[in-house]
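Report on the following structure.
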Amino acid sequence: MIENRPFFTFITHCVVILGVLLVALPIWITFVAASHDEVRMLQSPLPMLPGTHLWENFKQTLFGTGLSGTESAPVWRMMLNSLVMALGISLGKIAISLTSAYAIIYFKFPFRMGFFWMIFITLMLPVEVRILPTFEVVANLGLLNSYWGLTIPLIASATATFMFRQVFLTIPDEMLESARIDGAGPMRFFWDILLPLSRTNIAALFVILFIYGWNQYLWPLLITTDTDMTTIVMSIKQMLEVAEQSPQWNIIMMTALLAMLPPIIVVVTMQKLFVKGLTETDK
Amino acid sequence: MLKRVHFPSSPLPYLLIAPQVIITLVFFMWPASQALFQSFLMEDAFGLSSEFVGLENFDVLFGDEQYIDAFGRTMFFSFLVAGLSMTVALVLAAFADRVIRGATVYRTLLIWPYAVAPVLAGALWVFMFNPTLGIFPYLLKFIGIKWNHYLNGGQAMGLVILAAAWKQVAYNFLFYLAAMQSIPRSIIEAGAIDGAGPVQRFWTLVFPLISPTTFFLLVVNIVYAFFDTFGIIHAVTQGGPAGSTTILIYKVFNDGFVGLDLGGSAAQSVVLMFMVIAMTVIQFRYVEKKVDY
Numbered sequence: 032m033i034e035n036r037p038f039f040t041f042i043t044h045c046v047v048i049l050g051v052l053l054v055a056l057p058i059w060i061t062f063v064a065a066s067h068d069e070v071r072m073l074q075s076p077l078p079m080l081p082g083t084h085l086w087e088n089f090k091q092t093l094f095g096t097g098l099s100g101t102e103s104a105p106v107w108r109m110m111l112n113s114l115v116m117a118l119g120i121s122l123g124k125i126a127i128s129l130t131s132a133y134a135i136i137y138f139k140f141p142f143r144m145g146f147f148w149m150i151f152i153t154l155m156l157p158v159e160v161r162i163l164p165t166f167e168v169v170a171n172l173g174l175l176n177s178y179w180g181l182t183i184p185l186i187a188s189a190t191a192t193f194m195f196r197q198v199f200l201t202i203p204d205e206m207l208e209s210a211r212i213d214g215a216g217p218m219r220f221f222w223d224i225l226l227p228l229s230r231t232n233i234a235a236l237f238v239i240l241f242i243y244g245w246n247q248y249l250w251p252l253l254i255t256t257d258t259d260m261t262t263i264v265m266s267i268k269q270m271l272e273v274a275e276q277s278p279q280w281n282i283i284m285m286t287a288l289l290a291m292l293p294p295i296i297v298v299v300t301m302q303k304l305f306v307k308g309l310t311e312t313d314k
Numbered sequence: 034m035l036k037r038v039h040f041p042s043s044p045l046p047y048l049l050i051a052p053q054v055i056i057t058l059v060f061f062m063w064p065a066s067q068a069l070f071q072s073f074l075m076e077d078a079f080g081l082s083s084e085f086v087g088l089e090n091f092d093v094l095f096g097d098e099q100y101i102d103a104f105g106r107t108m109f110f111s112f113l114v115a116g117l118s119m120t121v122a123l124v125l126a127a128f129a130d131r132v133i134r135g136a137t138v139y140r141t142l143l144i145w146p147y148a149v150a151p152v153l154a155g156a157l158w159v160f161m162f163n164p165t166l167g168i169f170p171y172l173l174k175f176i177g178i179k180w181n182h183y184l185n186g187g188q189a190m191g192l193v194i195l196a197a198a199w200k201q202v203a204y205n206f207l208f209y210l211a212a213m214q215s216i217p218r219s220i221i222e223a224g225a226i227d228g229a230g231p232v233q234r235f236w237t238l239v240f241p242l243i244s245p246t247t248f249f250l251l252v253v254n255i256v257y258a259f260f261d262t263f264g265i266i267h268a269v270t271q272g273g274p275a276g277s278t279t280i281l282i283y284k285v286f287n288d289g290f291v292g293l294d295l296g297g298s299a300a301q302s303v304v305l306m307f308m309v310i311a312m313t314v315i316q317f318r319y320v321e322k323k324v325d326y
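Protein chains in written order, with our numbering: chain A, 32 to 314; chain B, 34 to 326.
This is the structure we're talking about:
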């Protein structure tokens, strides 16, 4: 700090703490709602302090049938679907972006720049603006209600390719020269030198992509009709619709809590990688 | 961008690039060209045949009052979301930048809403503002405000803006804090020696120096408000009441999947695609330029 002003420092802390509390308020209310029983959650005003039914709600939500009066998969099944989708998207994106960046940077072959521009254009076509025709393609390929349909259409990535291109460009040419003198072929060089050198970038990207994959909403909403294939993020919307007739806010909020927990854990525990990934992929 | 030292041409690079290119062709290029093609077609009332109508779909679209309204609403929504979340983030980052002890703790406590899916953010806010049960309507009653976002279009818009801005504060905060921490200390110290107080230093030194970040965040936030807020709108208001929160991306979905107006929806998609392209160009052309003094 530049100057010593104890009172101003005190104010500074107050403002930041106020900000933290405001940002955390919705989550606190969710947590409180998930820890009361159904009857308490129907009386206004709603509680602001946690109740004693957290564990009960947790068990009923995760392993029970969820909301009464609806036909849906149990929540553990939806979380599993979300996990498969998130891992499929993040690992798939990383794998195909690594290899395509490698090809573009380290090989000279016809149409190299043509391929590069084609990948670049995907940056401008987010899934939201081409939902109907993409849905038709996936339906024609028979990929509705499958893990393939949930992941494959989302794994092409211009940003990830760019990021790896950037990383590879910083690797000195002498690396490849010495590897070639030692007799390493292209794949050997890729596995033994490039991959280890871009390890932290891969991890940082994984954190961002895991959150991206877990939080997908519109795409799974369109292509899954089978209740066994629904993801947990999708299920919240269906529960809100049911809530208009028979509100079981304790179960709904517990589901919401379970749905946001995995990405939050990833962000908080891998904060350094998260910040690195965020600043590198977007700029 | 090719390495000076590289491998000669062989089938290998094609194999390496093939997965990305095939997925791009099948799930990006083909659907996008389909959207473009469909936007020139009009289906008959039963969906049995379609005929080529040229630019008529676009003509109808821009003559449609509802679409023009949705356009203006999207602008209003995007600028308010961007403005609100960036202002809050800027204030918090400016204060957090002063904190020496506990800065990382504050950062941890502020960044996690980034990980909350938009539709979940919508669900949390719709619960807090539930007209019969929610905590805020209960409190608002004491100051004489009757809250019901299912009936009041203005309140519905306010709620989706709040939910969308809340989720984005974390992201903006991270970038603002990083930008402020990268300003050389000597500049700030020189300002202090010349007698500038903290507030004056912020407005005359810090704020101008982080202006590239502000511009970058403005573009990113507007793109976010345009496309990523679908989940929030779908969970909170479903475009209602009476279309008062129907933004463009929700309209594409609604007209295409609910209304089954394929030509019209495709024409809307094409308009959106051009907007994304424009914003990407702005981002790449101007954001990288540094501001010099």
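For glycine and all other residues, C-beta sits at the position ideal for the given N, C-alpha and C.
Predicted model, so just to flag it, every value in this text is computed and none were measured.
Three-way DSSP call (helix, strand, coil) for residue 84 (chain B) in this model:
If DSSP states are grouped into helix, strand and coil, residue 84 (chain B) belongs with the strands.
Which residue spans inside the stretch 222-261 of chain A form an unbroken beta strand (DSSP E) run of at least 3?
Entirely contained in the stretch 222-261 of chain A, not one beta strand (DSSP E) run reaches 3 residues.
In angstroms with no decimal places, state the Cα-to-Cα distance between residue 104 (chain B) and residue 173 (chain A).
Taking the straight line from one Cα to the other gives about 35 Å.
Based on DSSP bridge pairs, tell me the residues matched to residue 75 (chain B).
B:84, per the DSSP bridge assignment.
Residue environment, residue 57 (chain A), which counts as buried when at least 16 other CB atoms sit within 10 Å
By the neighbour-count rule (16 or more Cβ atoms within 10 Å), residue 57 (chain A) is buried.
By Cβ distance, which residues of its chain are closer than 7 Å to residue 237 (chain A), with the 5 residues on each side in sequence left out?
So the list reads 121 and 125, once near-sequence residues are dropped.
Going along the chain, which residues of the stretch 152-175 of chain B sit with their C-beta nearer than 8 Å to a C-beta in chain A?
Correct list: 152, 153, 154, 156, 157, 158, 159, 160, 161, 165, 166, 167, 168 and 171.
Is residue 324 (chain B) close to chain A, meaning its C-beta is less than 8 Å from at least one C-beta of that chain?
Bear in mind that the predicted position of residue 324 (chain B) carries a pLDDT of just 49, short of 50, making it unreliable; the figure below should be weighed with that in mind. Chain A places no beta carbon closer than 8 Å to that of residue 324 (chain B), leaving this residue out of the contacts.
Take the Cβ of residue 327 (chain B) as the centre, count every other Cβ of all protein chains shown within 10 Å, and call the residue buried at 16 or more, exposed below.
This structure gives no information on residue 327 (chain B), because the portion of chain B shown stretches from 34 to 326.
Which word fits residue 234 (chain B), buried or exposed, when buried means at least 16 other C-beta atoms lie within 10 angstroms of its C-beta?
Buried: at least 16 other Cβ atoms inside 10 Å.
With residue 120 (chain B) as the anchor, note down where its alpha helix (DSSP H) starts and where it stops.
First-last of the alpha helix (DSSP H) with residue 120 (chain B): 98-131.
Nearest by alpha-carbon distance to residue 256 (chain B): which of B:122, B:306, B:271 and B:279 is it?
Nearest C-alpha to residue 256 (chain B) among B:122, B:306, B:271 and B:279: B:306.
Bridge partners - residue 146 (chain A), DSSP secondary structure assignment:
Paired residues: none, contrary to the question.
With contact counted as at least three CB pairs below 8 Å, one residue from each stretch, are the stretch 267-279 of chain A and the stretch 293-301 of chain A in contact?
With a cut-off of 8 Å, the stretch 293-301 of chain A and the stretch 267-279 of chain A do not count as touching, because too few Cβ pairs lie within range.
Quick check on DSSP: helix, strand or coil for residue 61 (chain B)?
Helix at residue 61 (chain B).
Does the stretch 110-124 of chain B come within contact of the stretch 201-219 of chain B, defined as at least 3 CB pairs closer than 8 Å?
Yes: at least three Cβ pairs fall under 8 Å.
Would you grab the beta carbon distance between residue 208 (chain A) and residue 38 (chain B) for me? Rounded to a whole angstrom, and I think it's under 8 Å.
Separation of the CB atoms of residue 208 (chain A) and residue 38 (chain B) is rounded to 6 Å, and the pair is thereby assigned contact status at 8 Å.
Please name the residue, chosen from A:302, A:248, A:255 and A:55, that lies closest to residue 239 (chain A) on a Cα-to-Cα basis.
Measuring from the Cα of residue 239 (chain A), the nearest candidate turns out to be A:302.
Would you check if the stretch 125-142 of chain A and the stretch 42-51 of chain B touch, i.e. whether three or more CB-CB distances between them fall below 8 Å?
In the pairwise beta carbon analysis, the stretch 42-51 of chain B is classified as touching the stretch 125-142 of chain A: at least three pairs are separated by under 8 Å.
Ordered along the chain, which non-local residues of its own chain (more than five positions away) have a Cβ less than 7 Å from that of residue 275 (chain B)?
Excluding sequence neighbours, residue 275 (chain B) sits near 186.
Work out the CA separation of residue 180 (chain A) and residue 288 (chain A) for me, nearest whole Å.
Between the C-alpha atoms of residue 288 (chain A) and residue 180 (chain A) there is a straight-line separation of about 26 Å.
Going by DSSP in three states, residue 41 (chain A) sits in which element: helix, strand or coil?
Residue 41 (chain A) carries a helical assignment under DSSP once its states are collapsed to helix, strand and coil.
What's the gap between the Cα of residue 258 (chain B) and the Cα of residue 114 (chain B)?
Approximately 7 Å, taken between the alpha carbons.
According to DSSP, is residue 305 (chain A) helix, strand or coil?
In the structure shown, the three-state DSSP call for residue 305 (chain A) is helix.
Are there three or more Cβ pairs, one per stretch, closer than 8 Å when the stretch 126-141 of chain B is compared with the stretch 37-55 of chain A?
Yes, they touch.
Who are the near neighbours of residue 69 (chain A) in its chain, counting only those whose CB is closer than 6 Å to its CB and skipping five residues on each side?
Closer than 6 Å at Cβ, skipping near neighbours: 279 and 281.
Is it a yes or a no for the stretch 245-259 of chain A touching the stretch 108-123 of chain A, going by three-plus beta-carbon pairs under 8 Å?
A contact between stretches requires three or more CB pairs, one per stretch, nearer than 8 Å, and the stretch 245-259 of chain A meets this requirement with the stretch 108-123 of chain A.
How big is the Cα-Cα spacing for residue 152 (chain A) and residue 162 (chain A)?
Each residue's Cα considered, the two are about 17 Å apart.
Any beta carbon of chain A sitting closer than 8 Å to that of residue 91 (chain B)?
Taking a beta-carbon distance threshold of 8 Å, residue 91 (chain B) does not count as an interface residue toward chain A.
Which of helix, strand or coil DSSP assigns to residue 70 (chain B)
Residue state, collapsed to three classes: helix.
7 Å Cβ cut-off: residues of chain B touching residue 44 (chain A):
Using a Cβ-Cβ cut-off of 7 Å, residue 44 (chain A) is close to 132 of chain B, given in chain order.
Pick helix, strand or coil for residue 314 (chain A), following the three-state DSSP scheme.
No answer about residue 314 (chain A) holds up, because its pLDDT of 45 lies below 50 and its placement is not dependable.
Interface positions of the stretch 151-165 of chain A facing chain B (Cβ-Cβ less than 7 Å), listed along the chain
Listed in sequence order: 153, 154, 155, 156, 157, 159, 160, 161, 162, 163, 164 and 165.
Pick from B:146, B:84, B:303 and B:296: whose alpha carbon is nearest that of residue 200 (chain B)?
Residue 200 (chain B) has its Cα closest to that of B:146, out of B:146, B:84, B:303 and B:296.
Backbone CA spacing between residue 57 (chain B) and residue 157 (chain B) [nearest angstrom]:
Just so you know, the alpha carbons of residue 57 (chain B) and residue 157 (chain B) end up roughly 36 Å apart.
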